[in-house]
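Going line by line, the protein sequences match chains A and B. Going by our numbering, the first sequence opens with residue 456, and the numbers climb by one from there. Going by our numbering, the second sequence opens with residue 456, and the numbers climb by one from there.
Protein chains: 2
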Amino acid sequence: MSLVASVHVGFADRVEHRLEQLVAERPGAVAEAGGQTLRSGGKRLRPLLVSMCATEAAREGDHLVNAGCAVELVHMATLVHDDVLDAAPLRRGHPTVWQTGGRPLATATGDALFSLAFGELTGTGDIGAVSLLAAACLSLARGELLQRRQAGDPAVTEEQYLERCALKTGSLFSAAARLGARLSGVDEVDAAALGRFAEALGLAFQIADDVLDCDGDPDTTGKPLGTDLLDGTVSLPLLLAAQRDVEVRAVIARGAAPADVLPTLARVVGSGAVADARERALGLAARAARELDGVTAPIDRDALLDAVRIASDRTS
Amino acid sequence: MSLVASVHVGFADRVEHRLEQLVAERPGAVAEAGGQTLRSGGKRLRPLLVSMCATEAAREGDHLVNAGCAVELVHMATLVHDDVLDAAPLRRGHPTVWQTGGRPLATATGDALFSLAFGELTGTGDIGAVSLLAAACLSLARGELLQRRQAGDPAVTEEQYLERCALKTGSLFSAAARLGARLSGVDEVDAAALGRFAEALGLAFQIADDVLDCDGDPDTTGKPLGTDLLDGTVSLPLLLAAQRDVEVRAVIARGAAPADVLPTLARVVGSGAVADARERALGLAARAARELDGVTAPIDRDALLDAVRIASDRTS
């Protein structure tokens with residue numbers, strides 16, 4: 456995220472500092488497991504969105520930091536719970552809480568991170584902000600369920616895929632943007648537009664992620680290819696390829712073995728599905744940018760447009 | 456809970472109706488799994504505490520119902536997550552979400568119920584109420600961790616046991632009482648006393664539960680004897696017996712098999728540990744009652760004193 460303006464990097468640093476403090480304040484296992492999750496890093500996209508959708512004056516205050524921490528804590532909570540369900544030993548190269556502490560510790564740590572998020576957001580004194588985050592959390596849970604339900608089903612449609620991503624990725628991106636706007640006193644109309652912007656951005660970001668998993672450079676992404684294929688997650692390129700290639704469809708339906716990954720991904724690329732998924736990401740990025748057209752509030756439009764470019768043209 | 460005054464039963468009915476509505480409003484799997492959890496019942500003690508610690512005027516309004524729903528939703532969320540960790544097929548004779556839907560559904564359902572709880576509580580418009588619930592949820596997660604950490608350890612002290620129960624049971628009882636008081640405009644001093652009352656009540660209730668698991672009548676409780684012993688939960692009678700009887704200590708340390716249950720429970724009763732645990736529950740009940748002495752707010756003191764008697768002298 457080297458293209459991110461220093462003002463937002465500075466904001467993200469304040470969020471990071473506060474997150475470390477929040478986690479360290481808790482005694483015992485929650486502090487350890489929370490700290491472990493925090494140190495495993497991440498792009499901190501959601502706090503950055505809070506910052507970019509805020510006004511300069513509001514960004515100086517503490518309430519924006521509360522909101523930035525809250526959205527990141529919710530994101531961390533979902534990752535910790537996802538890792539339990541996936542029995543994932545590593546995330547971003549670091550051992551997961553599930554791996555080091557086991558299922559009970561990881562489940563309770565996720566619950567604790569949710570609680571910390573809501574507690575932190577009450578620091579804003581804004582009940583509407585809490586309501587907004589609660590609705591987003593409910594969407595995340597529904598998206599997680601939809602993902603499990605769609606797993607291994609090559610007949611998932613593009614529309615069903617987008618519904619799932621809107622819940623699982625779009626909802627918290629949107630909440631981050633609306634929290635930034637709301638806590639800056641941005642009016643409802645602009646705040647709603649920023650929410651729609653962030654949702655489209657989230658979808659573009661997710662599709663770019665899907666594409667990297669089919670066609671990225673593992674040296675740059677730091678992740679092996681074909682994770683989605685192996686764990687049954689029907690990503691956009693996979694579902695588009697399944698519509699075109701009976702062999703891809705069969706592999707998804709029966710569940711891919713490690714030996715299936717490279718030949719199947721070659722067929723996915725060969726079917727044109729990866730190129731088409733890239734197009735869809737660009738289309739969503741353009742839609743996101745258009746949502747900003749009518750926004751008159753003094754938020755950081757340039758940074759948001761940069762974020763659109765970065766999200767839809769990811770190499771890592 | 457036939458001794459509960461009709462005004463509180465009426466309140467609990469309003470909470471129940473609202474909970475059904477809240478869960479049914481959600482589309483898909485969350486509604487199904489949430490409805491399943493709701494229908495499996497429970498004593499609804501936490502909403503009743505909200506009602507009993509409120510004033511008559513406040514009880515008529517919707518904010519108390521919001522709070523009653525929120526505490527019950529949090530309780531339901533923790534049960535759903537506990538059932539995942541325990542791989543429990545039944546709760547109160549009904550199949551658990553884990554059993555019917557599997558681990559991912561149950562994990563996401565628990566997360567969704569937490570989100571619904573916070574969303575519901577924002578209906579009160581009271582950010583302090585949200586903050587209070589968030590702190591209680593964090594305690595619940597810490598209590599859950601502590602319980603797992605203490606599992607199978609016969610050297611757990613009474614003090615460590617009480618710390619765990621204060622987190623795992625006392626914190627949400629206390630939050631329910633304080634929410635009832637706070638949303639009735641009861642002053643801080645009385646609200647704090649009601650919180651301490653409810654924490655002591657929660658501990659008494661938990662110890663009475665422990666006692667029933669060692670010495671209850673399964674026909675009345677609806678639960679087989681010795682569940683704590685079998686799953687490694689070091690309850691108060693078990694830890695007191697372990698301090699006195701090397702054989703009980705050895706069974707806890709090695710993990711009880713089904714054939715160990717009846718002979719070990721006979722030793723637990725024989726050691727006097729069950730009688731002593733009953734004494735401790737009565738002592739905590741008395742402490743709870745004393746907390747009410749200085750309370751001048753027009754809350755339902757008689758109902759609270761009845762609750763103390765019921766909690767510490769349970770047969771089911």
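Glycine is no exception: its CB is placed at the ideal position from the N, C-alpha and C atoms. On a predicted model such as this, the values are computed, not experimentally measured, just so you know.
Taking 8 Å as the upper bound on Cβ-Cβ separation, chain A lies near no residue of the stretch 665-696 of chain B. For the C-beta of V485 (chain B), the chain A residues within less than 9 Å are, from N- to C-terminus, L593, A596, R597, L600. Within the stretch 565-581 of chain A, contact with chain B at the beta-carbon level (separation under 9 Å) is assigned to G565, D566, A567, L568, F569, S570, L571, A572, F573, G574, E575, L576, T577, G578, T579, G580, D581. At the C-beta level, A766 (chain B) and L656 (chain B) come within 8 Å of one another.
When the Cα atoms are used, A762 (chain B) and A542 (chain A) turn out to be separated by approximately 43 Å. When the Cα atoms are used, R742 (chain A) and P673 (chain A) turn out to be separated by approximately 29 Å. At a Cβ-Cβ threshold of 8 Å, D566 (chain A) and H536 (chain B) count as neighbours. Within chain A, the residues G574, T577 have their CB atoms less than 7 Å from the CB of S586 (chain B), given in chain order.
When C-alpha distances from G516 (chain A) are compared across A:T564, A:P718, A:V470, A:A484, the shortest belongs to A:V470. C-alpha of G749 (chain A) to C-alpha of A659 (chain A): approximately 21 Å in a straight line.
Note on geometry: alpha-carbon atoms of T533 (chain B) and L595 (chain B) lie some 8 Å from one another.
Relative to S771 (chain A), the option among A:I754, A:D664, A:D645 whose CA is nearest is A:D664. In the three-state reduction of the DSSP assignment, L545 (chain B) falls in the strand class, which pools E and B. Residue pairing of T510 (chain B) in beta bridges, as defined by DSSP: B:I754.
The beta carbons of G598 (chain A) and K623 (chain A) sit about 3 Å from each other, so the pair counts as a contact at 8 Å.
For D645 (chain A), the CB contacts under 6 Å within the same chain, skipping 5 residues up- and downstream, are V750, A752 in chain order. If you draw a straight line from the Cα of C592 (chain B) to the Cα of L627 (chain B), it is about 7 Å long. DSSP places P679 (chain A) outside any alpha helix (DSSP H), giving it a letter other than H or E. Here DSSP, grouped into helix, strand and coil, assigns P482 (chain B) to coil. Secondary structure note for R637 (chain B): its alpha helix (DSSP H) is the uninterrupted segment 626-637. For the pair T510 (chain B) and I754 (chain B), the CB atoms are nearer than the 8 Å cut-off. Under the Cβ distance rule, R547 (chain A) does not count among the residues neighbouring chain B, no pair being separated by less than 8 Å. Among the residues facing chain A, H518 (chain B) is not included, as its CB has no counterpart in that chain under 8 Å away. Runs of the alpha helix (DSSP H) lying entirely within the stretch 686-746 of chain B and spanning at least 4 residues, in chain order: 691-699, 701-709, 716-725, 728-746. With a cutoff of 8 Å on beta-carbon distance, V641 (chain B) and L588 (chain B) are scored as not near each other.
Judged by DSSP in its simplified three-state form, P550 (chain B) adopts strand. Comparing alpha carbon positions, the residue from A:L737, A:T676, A:R735 closest to K498 (chain A) is A:T676. Chain-ordered, the chain A residues with CB closer than 8 Å to the CB of P559 (chain B) read L540, E599, L600, R603.
Here DSSP, grouped into helix, strand and coil, assigns S586 (chain B) to helix. Counting C-beta pairs with one atom in each stretch, the stretch 609-619 of chain B and the stretch 688-702 of chain B have three or more that are closer than 8 Å, which means they touch. Around the CB of G557 (chain A), fewer than 16 other CB atoms lie within 10 Å, so the residue is classed as exposed.
Annotated three-state conformation of G574 (chain A) is helix, per DSSP. The beta carbons of E575 (chain A) and A648 (chain A) sit no closer together than 8 Å.
Nearest in C-alpha terms to A732 (chain B), of all of B:L695, B:V703, B:L759, B:A512, is B:L695.
For T562 (chain A), a Cβ of chain B is located within less than 8 Å of the residue's own Cβ. In this structure, B:A653 is the residue among B:A653, B:V478, B:S586 with its C-alpha nearest to the C-alpha of R764 (chain B).
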